[in-house]
Amino acid sequence: MNDVLTQFLEKIQRRNPAEPEFLQAVTEVAESLLPFIDQHLIYRDQKILERIVEPERVIIFRVPWLNDKGEVEVNRGFRVQMNSAIGPYKGGLRFHPSVTLSVLKFLAFEQVFKNSLTGLPMGGGKGGSDFDPKNRSDNEVMKFCQSFMTELYRHVGADIDIPAGDIGVGKREIGYLFGQYKRIKGEFSGVLTGKGYEWGGSLIRPEATGYGLVYFVEEILKTRGDSLSGKKVLISGSGNVAQYTAEKCIAKGAKVLTMSDSDGFIYDPDGLNVEKLQFIINLKEKERGRISEYANKFKCGYFKGERPWKIKCDIALPNATQNELDGNDAATLIDNGCFCVAEGANMPCTREAVAAFHKAEIFYAPGKAANAGGVAVSGLEMSQNSLRFSWTRDEVDNKLREIMKQIHRICLKYGKEKNGHVNYEKGANIGGFVKIAESMLAQGLV
Ligand code: NDP
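By my numbering, the letter at position 277 of the sequence shown is numbered 1187, and the numbering carries on one by one without gaps.
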């Protein structure tokens, strides 16, 4: 099997040079899928995995725009349309200077499996730009979004490809993108999710990834008759996912000790409460300030340039970005008694970190399962747009909770090892794959 894996990965590397994040994501999936495919020869003979790793389409485009000083700026825009076997392409847009084709291909690839796990009819895609909205005026962000959509509109649509937010793309950016699409196309349709509630968005969509992550962790804890109450939790990030993860953890009685941004992390040994969290939400959403201001306000520790993983905890929830938790961090977490790591971000743990979690047999929930709540409620937003109807907060929240429970059941089905340990990574990869593979077989060689 190792030979098969090596040959497979060598081919991926040859065909996609200088794409380390994409190779990392494919390696992770191939390691658990190839033994499964070996037992299902139709998947092997029809080269299903070889087809899934090849995007159906990649669009790269120039995004020229004028800044507030009247100067011309040029960014690069991308949309990776990875797989449409089970529905129209669906996945977020990321605006961050670190965006490259490799990053977006890894995210689009992960998205294919994640969307399949939700049980909703959504294919996988991802897009974005190396534009950095930080320290830009609203006017500059609007100008950029309008130029970006002036090209992207040709490739998306409510039944074709439905982008959403991701890092650097929140309600403000979705609003500007939607406005420009509507203006060019002359139609009001569900082409984007993450819209404001007043103009077609879904209740609970902003909260969905964070809430869904916590619901998933609750399902994990239930397998050992446990709950979140009193658990010490580390969270990284202070953006959309991190904020609502913290809110739900606090509501469940857990002690949230840390949050972070790209400059460093705060450590509050008393734990965050609702008021303290509100300070962070205002800081990040309104003032667009830095997390260090929390430490000044509440007189607690601030660790500049560091990540939170050295703090003693029960549960770690990496919620910022890819590869933010490495092998050394994993060893420290395990030594300190952490027994559960669940990814709110996409691929925040390096391969070395994941290997350490597997070896120690602690609970490790990969992002494609644990953070699927966001895209699940995006799917529910699409349903509500099609119905021209809005569900209540409780209706959406209950559906989200049920979807996270269902994803957990799928992970148990395919991930339970002979000794009883659950390999959530294997469970999520195989569980996500089967539905896509069967759909691709049914649709022929397209
Ligand atoms: P936001 O832009 O709202 O927040 C991102 C957070 O991560 C910020 O605190 C940011 O700090 C920090 N961050 C970003 N880049 C880096 C970096 N290179 N190093 C350290 N910290 C960094 O994004 P989201 O909360 O939406 O997304 C966070 C993660 O969750 C991403 O991996 C995303 O793909 C994933 N995800 C998001 C979903 C969603 O619904 N939004 C759904 C599923 C997954 P700073 O402010 O300093 O930049």
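Ideal Cβ placement from N, Cα and C applies to all residues, glycine included.
The ligand NDP heavy atom lying under 6 Å from the CB of residue i
i: A1226; result: no
i: A1252; result: no
i: T1260; result: no
i: V1151; result: yes
i: S1172; result: yes
i: I1077; result: yes
i: S1148; result: yes
i: G1029; result: no
i: A1018; result: no
i: T1119; result: yes
i: N1192; result: no
i: G1284; result: yes
i: N1256; result: yes
i: N1281; result: yes
i: A1240; result: no
i: T1010; result: no
i: T1103; result: no
i: A1230; result: yes
Simplified DSSP state of residue i, which is helix, strand or coil
i: M1051; result: In the sequence as displayed, the identity of residue 1051 is Val instead of Met. Helix, per DSSP.
i: L1235; result: strand
i: W1219; result: helix
i: G1289; result: helix
i: G1168; result: Sequence inspection shows Thr at residue 1168; the Gly mentioned does not correspond to that position. T1168: strand per DSSP, three-state reduction.
i: E983; result: strand
i: P852; result: Absent from the structure is residue 852, since the part of the chain shown begins at 911 and ends at 1356.
i: R1198; result: coil
i: I1077; result: coil
i: P945; result: helix
i: C1321; result: helix
i: G1211; result: strand
i: M1059; result: helix
i: V1066; result: coil
i: I958; result: helix
i: D1304; result: helix
i: N912; result: helix
i: F1005; result: strand
i: M992; result: strand
i: V968; result: strand
i: G1181; result: coil
i: L976; result: strand
i: A1226; result: strand
i: K1328; result: coil
i: K1044; result: coil
i: F1299; result: coil
Short Cβ contact (7 Å threshold) for residue i with residue j
i: I1317; j: A1282; result: yes
i: A995; j: M1350; result: yes
i: C1055; j: Y1086; result: yes
i: M1169; j: S1202; result: no
i: C1259; j: L1144; result: no
i: K1142; j: L1102; result: no
i: E1253; j: A1280; result: yes
i: E931; j: F1023; result: no
i: F988; j: L1014; result: yes
i: D1069; j: G1002; result: no
i: G1033; j: P998; result: yes
i: I1130; j: F1273; result: yes
i: K1278; j: A1338; result: yes
i: N1295; j: G1100; result: yes
i: G1325; j: V1332; result: yes
i: A1118; j: G1284; result: yes
i: S942; j: K1336; result: yes
i: I1313; j: T1133; result: no
i: A1226; j: V1251; result: yes
i: D1309; j: L1290; result: Sequence inspection shows Lys at residue 1309; the Asp mentioned does not correspond to that position. Yes, they are a contact pair.
i: L933; j: V914; result: no
i: A1263; j: L1235; result: yes
i: R967; j: Q991; result: yes
i: R1200; j: D1180; result: no
i: G1038; j: R1064; result: no
i: T937; j: L951; result: no
i: D978; j: S1047; result: yes
i: A1352; j: I958; result: no
Q.
Extract the residue ranges of the beta strand (DSSP E) inside the segment 1090 to 1167, only unbroken runs of 3 or more that lie entirely within it.
A. 1142 to 1145
Q.
List, from N- to C-terminal side, the alpha helix (DSSP H) runs of 4 residues or more that fit wholly inside the segment 1228 to 1278.
A. 1237 to 1245 and 1261 to 1270
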